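Residue numbers (numbering that gives the first Met the number 0), protein chains in the order written: chain A, 0 to 273; chain B, 0 to 310.
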Amino acid sequence: MRLFTVAAQEVRVGLRNRWVLATTVLMAALALSLALLGSAPTGVVKADPLAVVVVSLASLTIFLVPLIALLLSFDSIVGEHERGTLMLLLAYPVARWQVVVGKGLGQVVILGVATVLGYGSAAAALWLRGGVGTQALQAFGGMVLTSVMLGASFVAIGGLASTLVRERATAAGLAVGVWLFFVLLYDTALLGVLVADQGRVLGKSELDALLLLNPTDVYRLFNMTASEAVSVYSGMAGPGDPAALPAPVFLAVLAAWVLVPLALAVAVFRRRPL
Amino acid sequence: MTVVAEWRAVTKRYGAVTALDHVSLPLVAGEATALVGHNGAGKTTLIKLLLGLIRPDAGTVRVRGTDPAGRGAAQVRRTIGFLPESVAFHGAMTGHELMAFYARLKGAPSRLNAELLERVGIAHAAHRRLATYSKGMRQRLGIAQALIGEPQLLLFDEPTSGLDPASRRDVYEMVDRLRSGGATVLISTHALAEVQQRVDRAAIMHGGRLLAAGTLAELRQGVAAEVRIRLQVRTCSITTVLALLPPQARCIERSGTQLTLLVAPEAKMATLRAIAQAGEVVEDLDLAAPGLQELYSHLVGAAQEEEGEAP
């Protein structure tokens, strides 16, 4: 019960300082522009416009959603500590795990509302223009779900950063570092390693495992390969075997990327001296 | 005399720093206790222990017989009201919303919140954003949240720091009302002179050690602090008066017509008799019993000398 009180307060603050509004508008604007402008060429090739949008929107999500999630969460513990409200909050009959999980839950709700409304508006716009197939709709639904899960994963990672440090500025720096690492550096580094290795040590299964170690890659693989309607446009459908792993595995791994950092954050926060 | 909460031989270390060194102190039901000391004396650490936010390295902490950092923690915290030393609530929320949030956390009915805001005198601003509150109003809101759920034990950490005199007086009046309502109050402060009329007991801390604790009368007895006598004498008669005084009376200040003496309590009457003998040259006399401030300075001074860091 207190968990939801903490979460509701987080959402209320998000509504009040216009985080909810700003993220929803931003995501709707990007999704709509991709949907309306990006799907222009599909008229010629008779492709499902929504399936095309899933591909471009998923690529955008990988950059945007982790960033928003980290911005929402890096402050959650260390910010309260700096304002002096953390000690007061913990003086109330609320457990430390309830504070960490409740705040994370609230931030995921903020991000979830923005994603569903923002991306949903794009889907609705395309639906109204017609030509949207059920398969593409399913893929879109899967993308919205995994986008929220990806966000939740980075909310948990940001929350962990927030419990680890003593100053807001350090937490912000750490959040930026996390974003750079998972979103930009990891894939580039992996590519470099693969090129250098020339397939001597790293086989297909090792590569799969390495990709699962980055939540953004898990998200990418799920959305690019999970649906046949989409994989055609993502360039992942080929003569080989594109989806080595079934979709539920990706979902399970993504869920682990939410729960493990969250559990770590709780464990760290319980030991944190005040 | 019921003990509501107590620290028993509590030691707390932060790395190499000993924040509390073997401190034992009870909080007596229905009484107000002042926790006095400089910054870093260990006042906030004592409060954190009572709230169960930290655990002692040695000794025990009990609130109504329960360990506040143990299994009954949530139950203990429901019965405590706490005002932290410096708190900056989220500026985007209103006073009303903040109270509703804290009431829900405490499992207390929200309908009493308006009354609490009324009691601390900020009911008119209940629906304004906290960013527009003055320092005094924010402190009042802090007190209002501490009163949620009618806690019988109230911990105020530096409740008057940074407040103007009028707000300070209001804060102390609130403390008086709480105490007369039967609540046990702990106020940490470094302004001893301010609280001495408002509390039943005082505990004097320095460098993590409890230097003295007890009722104000007990504290005054325990330490033979000197009585201050201020004399107004006729021009050019200071030497005459000084010659009459017993040797125990120390003159600490003299000007043309004024003389300030410090006298040990046992030599007080002898000194007064000597002054009476001086006759008409003494025009006025002002006698000040040692206040808690003098007592505090005396104790801290002695503690510092002991540590070899005498001023």
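In this text, a Cβ means the ideal position worked out from N, Cα and C, and glycines have one as well. Remember, it's a predicted structure, so these values are computed and weren't measured experimentally.
Along the chain, where does the alpha helix (DSSP H) that runs through residue i open and close?
i               : result
T188 of chain B : Where T188 of chain B is concerned, there is no enclosing alpha helix (DSSP H), although the beta strand (DSSP E) it sits in stretches over 183-188.
F268 of chain A : 246-270
A143 of chain B : 134-145
I61 of chain A  : 48-72
F221 of chain A : 214-224
R253 of chain B : First-last for R253 of chain B: 249-253, but that is the beta strand (DSSP E), not the alpha helix (DSSP H).
Q137 of chain A : 133-163
L110 of chain A : 95-128
I237 of chain B : 237-243
Closer than 8 Å, CB to CB, is residue i near chain A or not?
i               : result
A302 of chain B : no
E96 of chain B  : yes
Y101 of chain B : yes
H89 of chain B  : yes
A190 of chain B : no
L104 of chain B : yes
A122 of chain B : no
F155 of chain B : no
S85 of chain B  : yes
A73 of chain B  : yes
R76 of chain B  : yes
A309 of chain B : Because the pLDDT of A309 of chain B is 41, which lies under 50, any placement of that residue in the model is unreliable, and the question is left without a value.
Are residue i and residue j touching if we call contact CB-CB under 8 Å?
i               : j               : result
T259 of chain B : E252 of chain B : yes
T224 of chain A : V86 of chain B  : no
A57 of chain B  : T17 of chain B  : no
R219 of chain A : I67 of chain A  : no
A143 of chain B : L116 of chain B : yes
A165 of chain B : L153 of chain B : no
A122 of chain B : A113 of chain B : yes
H126 of chain B : T78 of chain B  : no
A288 of chain B : V194 of chain B : no
V115 of chain A : V143 of chain A : yes
L274 of chain A : A174 of chain A : Any question about residue 274 of chain A goes unanswered here, given that chain A covers just 0 to 273.
G36 of chain B  : K42 of chain B  : yes
L263 of chain A : L104 of chain A : no
F181 of chain A : V217 of chain A : no
Examine chain B for any beta-carbon lying closer than 8 Å to the beta-carbon of residue i, and answer yes or no.
i               : result
Q277 of chain A : No statement about residue 277 of chain A is possible, as the shown extent of chain A runs from 0 to 273 and does not include it.
Y118 of chain A : no
T4 of chain A   : yes
Q8 of chain A   : yes
R1 of chain A   : yes
Y91 of chain A  : yes
L49 of chain A  : no
P245 of chain A : no
L189 of chain A : no
V267 of chain A : no
L20 of chain A  : no
L273 of chain A : yes
State the beta-bridge partners of residue i as determined by DSSP.
i               : result
V16 of chain B  : B:Y13
P25 of chain B  : B:E5
H205 of chain B : B:R208
V35 of chain B  : B:T188, B:I203
G213 of chain B : B:A201
F180 of chain A : F180 of chain A is not bridged to any residue.
R128 of chain B : B:T93
Along the chain, where does the beta strand (DSSP E) that runs through residue i open and close?
i               : result
E306 of chain B : Neither: E306 of chain B is in no beta strand (DSSP E) and is coded neither H nor E.
I228 of chain B : 226-232
T59 of chain B  : 57-62
R178 of chain B : From DSSP, R178 of chain B is part of no beta strand (DSSP E) but of the alpha helix (DSSP H) over 164-179.
G80 of chain B  : 79-82
F100 of chain B : Run containing F100 of chain B: none in the beta strand (DSSP E); it sits in the alpha helix (DSSP H), 94-105.
A287 of chain B : 281-287
D66 of chain B  : That residue, D66 of chain B, is in no beta strand (DSSP E); it is neither H nor E in DSSP.
V194 of chain A : No beta strand (DSSP E) holds V194 of chain A; the alpha helix (DSSP H) holding it covers 185-196.
V262 of chain B : 257-262
L154 of chain B : 152-156
List the residues of chain C that residue i touches, going by C-beta distances under 8 Å, in chain order.
i              : result
M92 of chain B : Any reference to chain C falls outside this structure, whose protein chains are A and B.
Can you give me, in chain order, the residues of the segment 57-88 of chain A that have a beta carbon less than 7 Å from any beta carbon in chain B? Going along the segment 57-88 of chain A in chain order, one finds R82, G83, T84, M86, L87 with a Cβ nearer than 7 Å to chain B.
Residues from the segment 38-57 of chain B in contact with chain A, defined by Cβ distance under 8 Å: K47, L50, L52, I53
With 7 Å as the C-beta to C-beta threshold (strictly closer), list the residues of the segment 208-224 of chain A near chain B in chain order. The segment 208-224 of chain A vs chain B, Cβ under 7 Å: nothing.
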